[in-house]
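Residue numbers (this note's numbering), protein chains in the order written: chain B, 1 to 327; chain A, 1 to 327. Cβ atoms here follow ideal geometry from the backbone N, Cα and C, with glycine treated the same way. Computed from a predicted model, the values in this text were never measured in an experiment. A short worksheet on the structure shown next.
Protein chains: 2
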Amino acid sequence: MESKYKIVIDTKGADKGAEVIVKGAIMALKEHSSLSVVLTGDKSFIEEKCTELNADFERIEIIDAPEEITNYDNPVSAIFEKSSSSMVKALDALAKRDDICGLITSGNTGALIAGSIRFLSGKDRIRPALAAVLPAEDGSFTCIVDTGATVDCSAAMLVQFAHLGNKFMRTMYAIDTPRIGLLSNGAEPTKGNAVVKETHALLKDDTSLNFVGNIEGNRALCGDCDVLVCDGFAGNQVLKVSEGMAKRMIKDVFKYAKQTGNQEILKLGQHLLGMYDLTSLGGAIILGVEKPVIKAHGCCDEISVVSISKMILNMAQNKAVFYNKNN
Amino acid sequence: MESKYKIVIDTKGADKGAEVIVKGAIMALKEHSSLSVVLTGDKSFIEEKCTELNADFERIEIIDAPEEITNYDNPVSAIFEKSSSSMVKALDALAKRDDICGLITSGNTGALIAGSIRFLSGKDRIRPALAAVLPAEDGSFTCIVDTGATVDCSAAMLVQFAHLGNKFMRTMYAIDTPRIGLLSNGAEPTKGNAVVKETHALLKDDTSLNFVGNIEGNRALCGDCDVLVCDGFAGNQVLKVSEGMAKRMIKDVFKYAKQTGNQEILKLGQHLLGMYDLTSLGGAIILGVEKPVIKAHGCCDEISVVSISKMILNMAQNKAVFYNKNN
């Protein structure tokens, strides 16, 4: 069967090394016969791993990219200066080649945002947003836009984020009219900083959106909205404070299990770990770019790569692009 | 024994009604012989409750204030228009009378901030901050400044918050050189929105502070700093997202306890409830005002009133005022 969908995968940047990324790519190929991949990174290392793992070389292309953008690099200058890095090569391939439908990387987030602006923001030069989809308390999913791509936002940008999130949840989660919430420090429309108050008024008047009003931090993940609109600074807090609090409480549960020697509590700890491992839930999606780009968490493993590949396949099959209001 | 310290307590605004506030005030009087109180609210109701509870009327003064500022009122206009409300009467008494050393209220936070600016900001007209002290993972305490009083902040305001928090933790928690952290979306100095980056540079150069750098949301409550500086919008997210996540996970634990019928898990749930009931930990302190003002949570009970009274007593005994850098 011919491979119809090609994804470019940056093999560098993962905490666990390039091996988990290559492994994940090969697992994804085995799972999806319509898939082929372009891997950027150390060519000889990738070839070696692919041979070891009995990979189908017919569906693997390798672009040699010995350089790596690390977390110590300045994001913007790295994109311009490290032109032979695995991330820049991947972005360049995605931008230039029609046969590639999406990109996965676990590298430097800031560089990825800067690179997305450089290679994929098209003529509209929309400010990108990094959307994270998290499980809400009621079993639904909440898409937080933005979680850190654009930290200084105007009201117009936040409205754009609302539209991007709206389209994303409609297309990918089949929600007819996603409920759009606006993160604020109070439920009333009068609450918020200056930009949030201005955004509230704009969203309220936007008849193409199902705006449900302000959402406070304690209800951010209760399922009150499908899309939670916020600037990248505040959204980053929602994401990371949730993550930190979940980790802390799970530690408490394990500590209590140890103290009491109770096996059921140990099981509860495992159960919570599965539920609240927010970092393993696939990746963060860059909205506002011309082609699907997904950022895997730095601590991702092969399973993450498989699930993110599936997500991009899904986007490609749906011809889903979350670029602007109309496209 | 003569009562040396007088606190004015607004009896209106609590979710559980004025009764819990009056009860709490009477309990505090019984606990601290050096204390006397001024209660603002419905005079006849307060008198009735005090009689019922065998209160020591010699240490209770009542200021009749039939009006109430509710959460539906516009904070700023309420302070100017509802001049016979229990909150305005309390603020007015605190500002005008030398014999009153502090104020407790559980009423409308926005109105309290507006009222503090009107009655207690002195000639310097410093922007107030609402500080919340939360237990950190390592057993220490973290003072978050601001959690919602001032949502649009300049770098100069954030530096002022750092000094207010610094003085507060030094005086009230006996920490010689409190570690000052700056909330950001990344640990590196280059991370943050424009104001945060500017603040980072100012704090770094301020030799009178022990600045430990940026703190990310997931480490906000890990004990990496004693004072976490942030604007009121972001700080509100840290506070409320933590609260929401803790509530959610405790619910999960109780659900699991019910499913398994395991008594130890039920106990664990109670244990966590005690540890993470962030709302019952006293109140939020207004910094940047001339006299101690503490906001009790809307859902406070008599115990909260007792513990907040103790806190104000402590501040009064230490002559602690957190008004500006020098005072």
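- Task: Let me know the secondary structure DSSP gives A131 of chain B once reduced to three states.
- Result: Counting from one through the first sequence, the residue named residue 131 of chain B turns up at place 131. Three-state DSSP puts A131 of chain B in a strand.
- R179 of chain A, DSSP secondary structure in three states: Here the question's residue 179 of chain A lines up with position 179 in the second sequence. Strand.
- Message: Can you pull the chain B neighbours of S242 of chain A, defined as C-beta to C-beta under 7 Å?
- Response: In the second sequence, counting from the first residue as 1, residue 242 of chain A sits at position 242. Chain B residues near S242 of chain A: V241, M245.
- Task: Can you grab the Cα-Cα spacing for the pair S77 of chain B / G110 of chain B, in whole Å?
- Result: Here residue 77 of chain B corresponds to residue number 77 of the first sequence, with the count starting at 1. Here residue 110 of chain B corresponds to residue number 110 of the first sequence, with the count starting at 1. Their Cα atoms are separated by approximately 11 Å.
- Message: I want to know whether the region 152-171 of chain B touches the region 207-221 of chain A - three or more CB-CB distances under 8 Å.
- Response: no
- Among B:A90, B:T260, B:G223, B:Q263, which one has its Cα closest to the Cα of I69 of chain B? Sequence index remark: in the first sequence, residue 69 of chain B carries index 69 (1-based). Out of B:A90, B:T260, B:G223, B:Q263, B:A90 has the C-alpha closest to the C-alpha of I69 of chain B.
- Ranges of the beta strand (DSSP E) found wholly within the region 82-165 of chain A, counting only runs of at least 3: 100-105, 129-135, 141-145
- Would you mind sorting S86 of chain A into buried or exposed? The rule is 16 or more other CB atoms within 10 Å of its CB. Working through the second sequence from its first residue, we reach residue 86 of chain A at position 86. By the neighbour-count rule (16 or more Cβ atoms within 10 Å), S86 of chain A is buried.
- Message: Cutting at 6 Å between CB atoms, please list the residues of its own chain near K167 of chain B, excluding the five before and the five after it.
- Response: Counting from one through the first sequence, the residue named residue 167 of chain B turns up at place 167. These residues qualify, in order along the chain: F322.
- Task: Report yes if the CB atom of V253 of chain A is closer than 9 Å to the CB atom of L272 of chain A, and no otherwise.
- Result: Stepping through the second sequence from its first residue, residue 253 of chain A is reached at position 253. Stepping through the second sequence from its first residue, residue 272 of chain A is reached at position 272. Yes, Cβ-Cβ distance for V253 of chain A and L272 of chain A is below 9 Å.
- Message: Please tell me whether H32 of chain A has its Cβ less than 9 Å away from any Cβ of chain B.
- Response: Residue 32 of chain A sits at position 32 when you count from the first residue of the second sequence. Output row for H32 of chain A: interface = no.
- Task: Note the first and the last residue of the continuous beta strand (DSSP E) segment covering Y256 of chain A.
- Result: As a position in the second sequence, residue 256 of chain A is number 256, starting the count at 1. Note, Y256 of chain A: premise wrong, no beta strand (DSSP E); alpha helix (DSSP H) at 232-260.
- Message: How far does the beta strand (DSSP E) with A284 of chain B in it extend, from its first residue to its last?
- Response: Reading the first sequence from its first residue, position 284 is the one you call residue 284 of chain B. 283-287 is the extent of the beta strand (DSSP E) around A284 of chain B.
- Message: For the alpha helix (DSSP H) containing T40 of chain A, name the first residue and the last one.
- Response: Counting from one through the second sequence, the residue named residue 40 of chain A turns up at place 40. T40 of chain A -> not in any alpha helix (DSSP H); beta strand (DSSP E) instead, spanning 35-41.
- Query: Taking the DSSP output, what are the residues bridged to I265 of chain B?
  - Reply: Looking up residue 265 of chain B in the first sequence gives position 265. Partner(s): none; I265 of chain B has no beta bridge.
- Any idea which residues DSSP pairs D224 of chain B with across the strands? The sequence position of residue 224 of chain B within the first sequence is 224, counting from 1. Answer is none; D224 of chain B lacks a bridge partner.
- Message: Rounding to the nearest angstrom, what Cα-Cα distance links L313 of chain A and A129 of chain A in this structure?
- Response: Numbered from 1 along the second sequence, position 313 holds the residue referred to as residue 313 of chain A. Numbered from 1 along the second sequence, position 129 holds the residue referred to as residue 129 of chain A. Answer to the nearest angstrom: the Cα atoms are 21 Å apart.
- Where does F57 of chain A land, buried or exposed, given buried means 16+ other C-beta within 10 angstroms? Taking the second sequence and counting its residues from 1, the one referred to as residue 57 of chain A is at position 57. With fewer than 16 other Cβ atoms within 10 Å, it is exposed.
- Taking 9 Å as the cut-off, decide whether the C-beta atoms of E290 of chain B and A93 of chain B are in contact. Against the first sequence, residue 290 of chain B aligns to sequence position 290. Against the first sequence, residue 93 of chain B aligns to sequence position 93. Taking 9 Å as the Cβ cut-off, E290 of chain B and A93 of chain B do not qualify as a contacting pair.
- Member of A:L203, A:C101, A:G298 whose CA lies at the smallest distance from the CA of M311 of chain A: Along the second sequence, read from residue 1 onward, the residue named residue 311 of chain A stands at position 311. The option with the nearest alpha carbon to M311 of chain A is A:C101.
- Is Q237 of chain A close to chain B, meaning its C-beta is less than 9 Å from at least one C-beta of that chain? Position 237 of the second sequence, counting from 1, holds the residue named residue 237 of chain A. True, the Cβ-Cβ gap to chain B drops below 9 Å.
- Query: If you run the structure through DSSP and keep just helix, strand and coil, what is G24 of chain B?
  - Reply: For the purposes of this step, residue 24 of chain B is identified with residue 24 of the first sequence, where counting begins at 1. Looking at G24 of chain B - three-state DSSP - the assignment turns out to be helix.
- If we ignore side chains and look at the alpha-carbon of each, how far apart do I175 of chain A and L203 of chain A end up? Position 175 of the second sequence, counted from the first residue, corresponds to residue 175 of chain A. Position 203 of the second sequence, counted from the first residue, corresponds to residue 203 of chain A. About 19 Å.
- Query: With 16 other CB atoms within 10 Å as the buried threshold, where does E52 of chain B fall?
  - Reply: In the first sequence, the residue the question calls residue 52 of chain B occupies position 52. E52 of chain B should be labelled exposed.
- Query: With 9 Å set as the bound, which would you pick, yes or no: does the beta-carbon of N185 of chain A sit closer than that to a beta-carbon of chain B?
  - Reply: Your numbering for residue 185 of chain A matches position 185 in the second sequence. Yes, because at least one Cβ of chain B sits closer than 9 Å to the Cβ of N185 of chain A.
- Task: Under 8 Å by Cβ, that's how I've got A234 of chain A and L183 of chain A pegged, so tell me the actual separation to the nearest angstrom.
- Result: Taking the second sequence and counting its residues from 1, one reaches residue 234 of chain A at position 234. Taking the second sequence and counting its residues from 1, one reaches residue 183 of chain A at position 183. Right, the Cβ-Cβ distance comes to about 6 Å (below 8 Å), so this counts as a contact.
- Message: Output needed for I117 of chain B: all residues of its chain with C-beta closer than 7 Å, excluding positions within five of it in sequence on either side, in chain order.
- Response: Translated into the one-based positions of the first sequence, residue 117 of chain B becomes position 117. Here the set comprises P128.
- Item | Under 7 Å from the C-beta of M169 of chain A: neighbouring residues of chain B | For the purposes of this step, residue 169 of chain A is taken as residue 169 along the second sequence, with counting starting at 1. Here the premise fails: no neighbours, minimum Cβ distance about 21 Å.
- Rounded separation between Y5 of chain A and A28 of chain A - CA only: Counted from its first residue, the second sequence places residue 5 of chain A at position 5. Counted from its first residue, the second sequence places residue 28 of chain A at position 28. Spanning the two alpha carbons is a distance of roughly 12 Å.
- Have a look at A:C299, A:A284, A:E188 and flag the residue whose alpha-carbon is nearest the alpha-carbon of S309 of chain A. Counting from one through the second sequence, the residue named residue 309 of chain A turns up at place 309. It is A:A284 whose Cα lies nearest to the Cα of S309 of chain A.
- Task: For V229 of chain A, write down the residues that DSSP places opposite it in a beta bridge.
- Result: Translated into positions along the second sequence, residue 229 of chain A becomes position 229. Paired residue(s): A:V145, A:L182.
- To which residues does DSSP link E19 of chain B through a beta bridge? To locate residue 19 of chain B, count along the first sequence from 1; it is residue 19. Answer by DSSP bridge pairing: none, since E19 of chain B is not bridged.
- Item | Segment contact, 8 Å Cβ cut-off, at least three pairs: the region 34-51 of chain B with the region 119-126 of chain B | no
- Query: Starting from V321 of chain A and walking both ways along the beta strand (DSSP E), at which residues does that stretch end?
  - Reply: Translated into positions along the second sequence, residue 321 of chain A becomes position 321. Here V321 of chain A belongs to no beta strand (DSSP E), and DSSP marks it neither H nor E.
- Message: Between Q317 of chain B and V238 of chain A, how many whole angstroms is the CB-CB distance? I'm expecting something under 8 Å.
- Response: Working through the first sequence from its first residue, we reach residue 317 of chain B at position 317. Working through the second sequence from its first residue, we reach residue 238 of chain A at position 238. Not quite, the Cβ-Cβ distance comes to about 40 Å (not below 8 Å), so this is no contact.
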